[in-house]
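**Student:** Under the UniProt record's numbering, the first residue of the sequence shown is numbered 1, with each subsequent residue one higher.
Before I ask anything, let me first share the structure, which is written out below as structure tokens.
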Amino acid sequence: MLNLLIPFAIIILLIFSTTGLHAKMEKHVNDCLIITRCFFFILLTCQIIQLFLTWKTQLLVNLIWLIFSIVLFAFTANAFREKIVTFGNPRHSRLVFGGMIINLCLSLIVIFF
Numbered sequence: 001m002l003n004l005l006i007p008f009a010i011i012i013l014l015i016f017s018t019t020g021l022h023a024k025m026e027k028h029v030n031d032c033l034i035i036t037r038c039f040f041f042i043l044l045t046c047q048i049i050q051l052f053l054t055w056k057t058q059l060l061v062n063l064i065w066l067i068f069s070i071v072l073f074a075f076t077a078n079a080f081r082e083k084i085v086t087f088g089n090p091r092h093s094r095l096v097f098g099g100m101i102i103n104l105c106l107s108l109i110v111i112f113f
């Protein structure tokens, strides 16, 4: 169940962060920000649970993945802040999108290998 929830949460994060960072109305940006934060909480909780479940076998890989997800959360929050305060920064939007793709690839590697 946990192995299915993590890629699902990352795909939802990818969709809503991209939608929110390219939205024109502030209401849509705020709605996508709320959904993105909720799914980041779900993702980080699942990653911590998986870290404890695979403590002896995959500690280093799961720890790197968790740290990467926390840094990605900070980048996403900063990109949304810039989008709300100003018109946003396209470089940060591309950085968040690339980070989400890398996070999805890391999750698939950790789960299936």
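Glycine included, every Cβ here is placed at the ideal spot set by N, Cα and C.
Does the stretch 71 to 85 come close enough to the stretch 95 to 112 that 3 or more CB-CB pairs lie under 8 Å?
**Tutor:** yes
**Student:** GLN47 lies in the alpha helix (DSSP H); which residues open and close that run?
**Tutor:** Walking along the sequence shown from the start, residue 47 turns up at place 47. Element bounds for GLN47: 26 to 53.
**Student:** Please report the straight-line C-alpha distance between residue 116 and ILE35, rounded to a whole angstrom.
**Tutor:** Nothing about residue 116 can be read from this structure; the chain reaches only from 1 to 113.
**Student:** Between PRO90 and ASN30, what straight-line distance do the alpha-carbon atoms span, to the nearest angstrom?
**Tutor:** Taking the sequence shown and counting its residues from 1, the one referred to as residue 90 is at position 90. Taking the sequence shown and counting its residues from 1, the one referred to as residue 30 is at position 30. Roughly 18 Å separates the two Cα atoms.
**Student:** So the candidates are LYS27, TRP55 and LEU66; which of them puts its Cα closest to the Cα of ASN103?
**Tutor:** One-based indexing of the sequence shown puts residue 103 at position 103. Measuring from the Cα of ASN103, the nearest candidate turns out to be LEU66.
**Student:** Over what stretch of residues does the alpha helix (DSSP H) that includes HIS22 continue unbroken?
**Tutor:** Within the sequence shown, numbered from 1, the residue matching residue 22 stands at position 22. Where HIS22 is concerned, there is no enclosing alpha helix (DSSP H), given that its DSSP letter is neither H nor E.
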